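If you read the sequences in order, they're chains A and B.
Going by this note's numbering, the first sequence opens with residue 1, and the numbers climb by one from there.
Going by this note's numbering, the second sequence opens with residue 797, and the numbers climb by one from there.
Note that CB positions come from ideal geometry on N, CA and C, so glycine has one too.
The structure displayed is predicted, hence computed values, not measured ones.
Only one structure is covered here, and it is reproduced in the block below.
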Amino acid sequence: MLKNYIITALRNLWRNKFFSFINIFGLSIGISCCMLIFLYAKDEVSFDRFHEKKDQIYRVVAEIRSPDGKVNKESSTGMAQGPRFDANIPEIEDAVRMELTDFHIKQGSEVIEQSALFVDDRFFSFFSFPLLYGDPKTALQDPHSVVLSEDLARRYFGKADAIGKTLQMKAGEDFEPFVVSAVVKNPPANSSIKTDMLVSMKFQEARQEGNLFWMNFYLNTFVTLKKGADLQKTEAAMNRVYNQEAAAQISDMAKNYGFNEKVSYHLQPLLNMHLDTDYPAENGVVSGSNPLYSYILMAITGVILLIACINFINLTVARSLKRAKEIGIRKVIGGQRKSLVLQFMGESMVLGLFAFMLAIALTFALLPLFNSLSEKALSFSYLLDGKLVLAYIGLFLLTSFLAGFYPALVLSAFKPVETLYGKFRFTGKNYLSKGLIVFQFSLTTFLIVATVIVYSQFNYLLGFDLGYDHGRVMRVKTPKMNASGYEVLKNELMANPSIQALTAQNGGQWRTIAHVNGDVEQQFDIRGVSDNYFSFFGIPVIMGRNFSPAFPSDSISSVVVNESFVKAAGWKNPIGETVDFFYEHRKCTVIGVIRDYHYSSLLENVSPQLFSMNPQLRYKQVYLKFREGSRPQAIEHARAVLRKLYPAQPYQYDFLDDLIAENYSSEARWKQIISFAAVLTIFISCIGLFGLASLSAEKRAKEIGIRKVLGASVSVIMRNITLDFLLLVLVAACMALPLAWMAGNAWLQNYPYRISLHPFIFAGAALAVVFFALLTVSYQAIKAARSNPVRNLRTD
Amino acid sequence: MIALNHIYKYVNQGGTRVFLLRDISLNIAQGEFISIMGPSGSGKTTLLNVMGMLDEADEGEYLFLDQPVKALKEKQRSALYKQHIGFVFQAYHLIDELTVYENIETPLLYKDYKSSERSAMVCEMLDKFNMVAKKDLFPHQLSGGQQQLVGIARAIVSKPTLLLADEPTGNLNSQQGQEIMELFKKLNSEGLTIIQVTHSEKNAAYGSRIINLSDGRIEN
Ligand SMILES: Nc1ncnc2c1ncn2[C@@H]1O[C@H](COP(=O)(O)OP(=O)(O)O)[C@@H](O)[C@H]1O
Ligand SMILES: [Mg+2]
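Next comes the structure, spelled out in structure tokens:
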């Protein structure tokens, strides 16, 4: 029996190559997307599970509550928490700190920058990172020992066994020799902790003053709890220890800096870390990810699979006319309905199997693309995992069932008297089939609108006038420089015609507070700049004046602020107002106001900003504007100059436009993902429609023949076939547009600077869907209309 | 074997009732060879379908092997006809995707015969109909007469007691038709009850009794 079914199924597939192809191809795209998303999801939930003590390891995290009730969740801690909690709380077995740092490393005549982690010496008994060479117990005992990953050892020394080799490394002022004490296996891709280079925390402790500071948050502290320890009790104990031991530091901070926030400590399970959005991955913990991404990807995949299944259902049911005779015969010669249902399910399984095999090939081919889209390093070998194989078998059964069950029910219900005596006509209203087409094209329209919105918003963000001139600007990092050091560098750099202008800035920008209007606290972002900063970036000074060498006091006691600062401080007449850096006992006068410009990403509003030439804020980067077309020369010239002036400094440069675009890398990724999804859904929906149109044309071949003989023109006939489908697609578009509008609006609320949803976007999307549908259907319609009427009339 | 008492069948068309069969009463005994004749549209196929239980009468009583068909559930009814009745059609109605051998084998598959039994039964049919050499061909590779032979072989392979044939020779030339009729005669002589619909006086004459149908009624 089974053999008979399979034979019929295979011969049927072969006989209807065209439809089999559409079905198999569409399904395989859907299945392939599912396979990729399974891989993705598996990778996401597998993060950090390879640690032996995975169920005992927690990260110490903090909730910082301001008096106004605002809660700031902080995943980092200071130096004190780990050792002090460990010493005072019996439930805590061990604590390991981990601080992210950068070393400069001498490599021949070059100096390169290398990120590394300072970790406590029990790191290797705490986490499960196996060593290739070296002893895990002693590897981090010496403050001047360094542990390299296999890859890094190869990079620096050409071989994995680098034990005993020396690296000249600089963390502070001078290069010091570090001896390789161990080589660790490269961490797996699904590790939140990357162990390229590890240096003992003892080195870092030796550089800092003796007392352990509680009140800053810049490193990760992990603890292991004893088996069976009570989590709540442990957390309560942690807060007790903090309030006791940090009391002096807290009151100190309150006195000197007006610190008035309440800190409470919690434990975050290691296994939650990767997907936790409250306590983000930072300071050496990498690749944290928002589970929302997984859900969105899953939803998109589900949609694609669904659309492929709908194709299958529609085509199978529409083609049932051709199978009706066979069904009638089988019933008359003894087939029960049950065995017919089984037969058709079996057929969809056979088809599903082909789709599945093709999907494996597709997945294999698409994996690199998917990896770059999802920023993952998924490998095909993951597919062989036992649970995943089960999931795939489940997926296969599910698709076969989804796609095969309804047609099986419909087909097996045919009455033999009707099918065998030609009374049978599958002209019923066929609401389900039409409903499915509408559903399919609603999803398609929705995704097209989504794509257009994401694209427009993305381009809007990238093309936004940020209020300053950032084209042809290169940023070069320098060591700390004072004004005279900068003069030397400037003269050297400007000597080359490729460089048009230059300005300098301190290491970065941070948020700080000062008093305004007497003792009102004001938060703002502070930057240390050189005097031509505003003219370099074309930022207009709209009130007062710019910094000027003519006023020597500028560098000590003058500041320039932006409009938002003025607004926040409530100043009517900002020039001459005082900004009191009370914790430094330094008062500054506002000499100028610049127009607000978007110095951080457009995902935020412009904040109050203050510029100073205070020499304590030493320059650590210069911006240089290169002449049109001389970018390579500028890069090379700056390299030569920096090599000459600062041979111990790695040459690091970026382009401002790239840095700005980086703010929107997540948007860029989603833009790609959603446009892929849209293209796939359009494609699958359209091949389905193509199949249906061809069946419809076939069914009406006789009618078309008669009309043609009677003198109807090709265009009239085309309109006849096309209109039915177009109507459905139009209905679909009308249903999807309001939903897309709501979803688009909701998404755009995340952006303070956003496009307004122009009706044009929606009309365009609807037109696009109709256009694609028209293109698909009209091919069949033209083919039918052009066909030879005599042949069609003969065949009946 | 078959007893029809005052059978009526009708359809409602635009409010008026159109009768397809009117007051049909008929007894057919085991071993008979009946020919049903009548002009096109007179209800021959409808009558055959009612007797074959593919269709149901609206009024009247139908006893098949002394069982009242109306009282049977759909499932029992189809079990009954599947066990006892073989069908032959004017348009042969072979499954296009299956070979001659597989077409003949299919009814046996539905009846759970063992594989060895099946091949024995199919081979017996192929032998009887001189089709051994054609067993691996597909229907479209055969002539009309050969296709009908396969159709008949498929109808009788599972040893039914009644063969219902609706214009079995309608698509064949007279030479082929005659061969089919000879075959029917032979099968009938082996004990098979046959009811056939035919337009040809000559073919009708092969039967032991002729029933004339006109406008849904039996004419005498
Ligand atoms: N389901 C039906 N609905 C309406 N009319 C039908 C139906 N089935 C058969 N008829 C009509 O009943 C008449 C008898 O049909 P049929 O038994 O096929 O005739 P025959 O086989 O003698 O040519 C024909 O006129 C046919 O059109
Ligand atoms: Mg007829």
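Could you please give the first and the last residue of the uninterrupted alpha helix (DSSP H) stretch that includes residue i?
i, result
"residue 609/A", "Taken as a continuous stretch (DSSP letters only), residue 609/A belongs to no alpha helix (DSSP H), being part of the beta strand (DSSP E) at 609 to 612."
"residue 440/A", "431 to 463"
"residue 851/B", "Careful: residue 851/B lies outside any alpha helix (DSSP H) and carries neither H nor E."
"residue 151/A", "150 to 157"
"residue 834/B", "Neither: residue 834/B is in no alpha helix (DSSP H) and is coded neither H nor E."
"residue 679/A", "665 to 699"
Hey, could you find the ends of the beta strand (DSSP E) residue i is sitting in?
i, result
"residue 543/A", "541 to 544"
"residue 94/A", "92 to 107"
"residue 806/B", "798 to 809"
"residue 992/B", "989 to 993"
Who does residue i pair with in a DSSP beta bridge?
i, result
"residue 863/B", "860/B"
"residue 523/A", "513/A"
"residue 224/A", "57/A, 94/A"
"residue 882/B", "959/B"
"residue 269/A", "58/A"
Nearest chain B C-beta to residue i closer than 8 Å, yes or no?
i, result
"residue 795/A", "The predicted position of residue 795/A is uncertain, since its pLDDT is 42 and thus under 50; a value taken from the coordinates is nonetheless stated next. It does not; no Cβ of chain B falls within 8 Å."
"residue 16/A", "no"
"residue 4/A", "yes"
"residue 8/A", "yes"
"residue 339/A", "yes"
"residue 319/A", "no"
"residue 290/A", "no"
"residue 326/A", "yes"
"residue 417/A", "yes"
"residue 329/A", "yes"
"residue 420/A", "yes"
"residue 24/A", "no"
"residue 311/A", "no"
"residue 349/A", "no"
Any beta carbon from chain A within less than 8 Å of residue i's own beta carbon?
i, result
"residue 858/B", "no"
"residue 878/B", "yes"
"residue 851/B", "yes"
"residue 1005/B", "no"
"residue 818/B", "no"
"residue 902/B", "yes"
"residue 979/B", "no"
"residue 991/B", "no"
"residue 891/B", "yes"
"residue 910/B", "no"
"residue 957/B", "no"
Determine the burial state of residue i: buried for a count of at least 16 other Cβ atoms within 10 Å of its Cβ, exposed for fewer.
i, result
"residue 812/A", "This structure does not reach residue 812/A, given that chain A is present from 1 up to 796, and the question cannot be answered."
"residue 616/A", "exposed"
"residue 811/A", "Nothing about residue 811/A can be read from this structure; chain A reaches only from 1 to 796."
"residue 85/A", "buried"
"residue 178/A", "buried"
"residue 274/A", "buried"
"residue 613/A", "buried"
"residue 311/A", "buried"
"residue 860/B", "buried"
"residue 992/B", "buried"
"residue 214/A", "buried"
"residue 963/B", "buried"
Ligand 4 heavy atoms versus the CB of residue i: any closer than 7 Å?
i, result
"residue 940/B", "Ligands present in the displayed structure are limited to ligand 1 and ligand 2, and ligand 4 is not among them."
Should the region 573 to 584 of chain A be regarded as contacting the region 543 to 552 of chain A, the criterion being three or more beta carbon pairs within less than 8 Å? yes
Are three or more beta carbon pairs between the region 735 to 751 of chain A and the region 759 to 768 of chain A nearer than 8 Å? yes
Does the region 142 to 152 of chain A come close enough to the region 186 to 203 of chain A to have 3 or more Cβ pairs within less than 8 Å? yes
Is there contact here, the region 25 to 37 of chain A with the region 228 to 235 of chain A, by at least three beta-carbon pairs under 8 Å? no
Three or more C-beta pairs below 8 Å linking the region 436 to 455 of chain A and the region 319 to 328 of chain A: no
Three-pair Cβ contact test at 8 Å for the region 885 to 904 of chain B versus the region 843 to 863 of chain B: no
Three Cβ pairs or more, each shorter than 8 Å: is that satisfied between the region 478 to 495 of chain A and the region 706 to 726 of chain A? no
Assess contact between the region 496 to 513 of chain A and the region 521 to 538 of chain A, defined as three or more Cβ pairs (one per stretch) separated by less than 8 Å. Is contact present? yes
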